[in-house]
Amino acid sequence: MDVWLFCRGPIFTEGELKQVIGTLVERKARRDAQQSKRTKRAKKRSKPCSLQEVEVTVSQLGLGYVSDETIVFHYCSGKCTTSRKNYDLTLAFMKRSQLLTREQKDKARHSPCCRPTAYEEDISFLDNFNKYHTIQKFSAKACRCV
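Mapping to the working numbering: the sequence shown position 91 is 119, numbers consecutive.
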């Protein structure tokens, strides 16, 4: 005996509905299989806030200096979801519930950020024109969710 299900459109028998659901499940499985390995790795690894480093030339810092000297730049990176406070949870809920105006929404941040709490000592370097420069507070020494 077939059971008839009524929808807003066509009428499906139980068998037809099972077939439609099966097709949707197969499509999802194919999409998941095609998803890049990089994307899968990125989803699995959500590291907490921590200090990272990269070796760059002074020119690559984007501060306008021209120098081929290389330095180790320390920066803060990672998730701060475990550091969320009642404030963050409340603000996120208010944004989702549209209790804030568009302008208020754009300005309000509802999650802590991984930021430097201390900086390395100043660095000095020689640019490509044989002039010394010193940069202050540019490389992180310690990080925290703030």
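Just so it is clear, CB atoms sit at the ideal spot from N, CA and C, and this is done for glycine as well.
Cβ neighbours of residue i in the same chain (closer than 6 Å, five flanking residues each side left out)
i           : result
residue 205 : The question about residue 205 has no answer here: the residues shown for the chain are numbered 29 through 174.
residue 96  : 85
Residue range of the alpha helix (DSSP H) that includes residue i
i           : result
residue 115 : 114-124
Host beta strand (DSSP E) of residue i (start-end)
i           : result
residue 63  : From DSSP, residue 63 is part of no beta strand (DSSP E); its letter is neither H nor E.
residue 78  : 78-85
residue 157 : Per DSSP, residue 157 belongs to no beta strand (DSSP E) and is neither H nor E.
According to DSSP, residues forming a beta bridge with residue i
i           : result
residue 52  : In DSSP, residue 52 forms no bridge with anything.
residue 152 : 162
residue 144 : 171
Other residues of its chain near residue i: CB distance less than 8 Å, five sequence neighbours each side excluded
i           : result
residue 139 : 108, 109, 112, 116, 120
Same chain, Cβ closer than 7 Å to residue i, five either side skipped, listed in chain order
i           : result
residue 150 : 162, 163, 164
Simplified DSSP state of residue i, which is helix, strand or coil
i           : result
residue 129 : coil
residue 46  : helix
residue 95  : coil
Next item on the list: Pair every Cβ in the stretch 70-90 with every Cβ in the stretch 99-113, then say whether three or more of these pairs are closer than 8 Å.
Entry: Under the Cβ criterion (8 Å, minimum of three pairs), the stretch 70-90 counts as touching the stretch 99-113.
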